[in-house]
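Numbering (UniProt numbering), first residue to last: 1 to 237.
Cβ coordinates follow ideal geometry from the N, Cα and C atoms, glycine included.
Every value quoted in this text rests on a predicted model; they were computed, and no experiment measured them.
To start, the structure under review is shown below, and the notes come after it.
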Ligand SMILES: Nc1ncnc2c1ncn2[C@@H]1O[C@H](COP(=O)(O)OP(=O)(O)OP(=O)(O)O)[C@@H](O)[C@H]1O
Ligand SMILES: [Mg+2]
C-alpha cells in the first residue's frame, strides 16, 4: 500500500528558516547529507537536528569521528541545552576513531546498524561521514560500500543526517563527489563573498530533496552563541 507523502512525518531542525526551506523537515526514513567546507557550520546544524529530536521525545544517536564526545557535549551545553538529562535514556553519543581502520569500517558497517536497532534511534547523525569514506582504497569499492551502507540506514527506520566535507576545489560537491548522489536530501553550506572581499556571508541551499517540494533559493544564515538564523526574506548578493 502506498502511503500518501503528505502524511509521512518530517524531522525538523528547529531552525525556522531552514525547516521552511525543507517544507517542514527531513522526510522520515530517508538519508540526508549536509555538505560544506570547514567552519561552515555543519556540526552546528547536526546538533540542532539532534536536540530538536530529544526535546520532542525522540531518541538520537550521534556518531562522531572527528571531535571527542566531551567536546560535542560541551558545544551543545554552551548553547544552553541540558543534554545530560537525556544521556542515560534517549541520547547516545559514540566516538569512533577512524585511524583504527578495522575498527572504523567494521563498526560503521556492522555494529552501527545493531546500535541503531538497540537504541531505537529516530535520528542518527554521522559527523563527518567523509572520514568513513576515506577508509576505502578505490572509488568502485567506496561507491559499492556506501550504497549498501545508505540502504541499510533506510531499512532501519531512522532518519539519518550525514555530515560531509566539501571537495577542496569545488565547494558545491562533497569530498568524493558521491554522497550527494546517494542521499535523498542534500543541503549545501558555503561561503558567499560579495564584490567587497571583506563582505563574507554564510549561505545555505537545499539542492536536492527526493519525493518532495523544497525551496531552491540560496539564503544567508548566521551562527550565534545559542541560535542559528536563516534569513529567508533576504537574498545572497
Ligand atoms: N558560539 C558561537 N557563536 C558564534 N559563532 C559560532 C559559535 N560557535 C560556532 N560558531 C561559528 O561556527 C563555525 C564552526 O561551526 P561548525 O563547527 O559547526 O563548522 P563545521 O562545518 O562543522 O567545521 P569543520 O568542518 O571544521 O568540522 C565557527 O567557525 C564560527 O564561525
Ligand atoms: Mg564539524
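Please list, in chain order, all residues of the same chain as residue i whose beta carbon is under 7 angstroms from its beta carbon, the five residues on each side excluded.
| i | result |
| --- | --- |
| residue 50 | 60, 62, 123 and 125 |
| residue 81 | 51 |
| residue 152 | 113 |
| residue 182 | 146, 147 and 150 |
| residue 31 | 150, 153, 154, 160, 162, 183 and 184 |
| residue 176 | 133 and 142 |
| residue 195 | none |
| residue 69 | 93 and 95 |
Looking at the structure shown, is residue i part of a helix, part of a strand, or coil, going by DSSP?
| i | result |
| --- | --- |
| residue 208 | strand |
| residue 66 | coil |
| residue 195 | coil |
| residue 109 | helix |
| residue 91 | strand |
| residue 123 | strand |
| residue 159 | strand |
| residue 15 | coil |
| residue 114 | helix |
| residue 42 | helix |
| residue 152 | helix |
| residue 171 | coil |
| residue 27 | strand |
| residue 140 | helix |
| residue 228 | strand |
| residue 131 | helix |
| residue 61 | strand |
| residue 145 | helix |
| residue 73 | helix |
| residue 182 | helix |
Tell me which residues share the same chain as residue i and place their Cβ nearer than 6 angstroms to its Cβ, disregarding the 5 neighbours each side in the sequence.
| i | result |
| --- | --- |
| residue 85 | none |
| residue 236 | 192, 203, 218 and 220 |
| residue 47 | 76 |
| residue 64 | 72, 95 and 127 |
| residue 17 | 230 and 232 |
| residue 108 | 132 |
| residue 234 | 220 |
| residue 45 | 34 |
Ignore the nearest five residues each way along the sequence and tell me which others in residue i's own chain have a CB closer than 8 angstroms to its CB.
| i | result |
| --- | --- |
| residue 225 | 78 and 79 |
Pull up the DSSP beta-bridge partners for residue i, would you.
| i | result |
| --- | --- |
| residue 201 | 192 |
| residue 36 | 165 and 189 |
| residue 220 | 203 |
| residue 10 | 27 |
Under 8 angstroms by Cβ, that's how I've got residue i and residue j pegged, so tell me the actual separation to the nearest angstrom.
| i | j | result |
| --- | --- | --- |
| residue 54 | residue 91 | 6 angstroms |
| residue 223 | residue 206 | Not quite, the Cβ-Cβ distance comes to about 18 angstroms (not below 8 angstroms), so this is no contact. |
| residue 180 | residue 208 | 7 angstroms |
| residue 189 | residue 43 | Not quite, the Cβ-Cβ distance comes to about 11 angstroms (not below 8 angstroms), so this is no contact. |
Notebook entry, point to check: For ligand 2, which residues have a Cβ under 7 angstroms from at least one heavy atom, in chain order?
Noted result: Having a Cβ closer than 7 angstroms to some heavy atom of ligand 2 are 42, 43, 66, 67, 127, 128 and 163.
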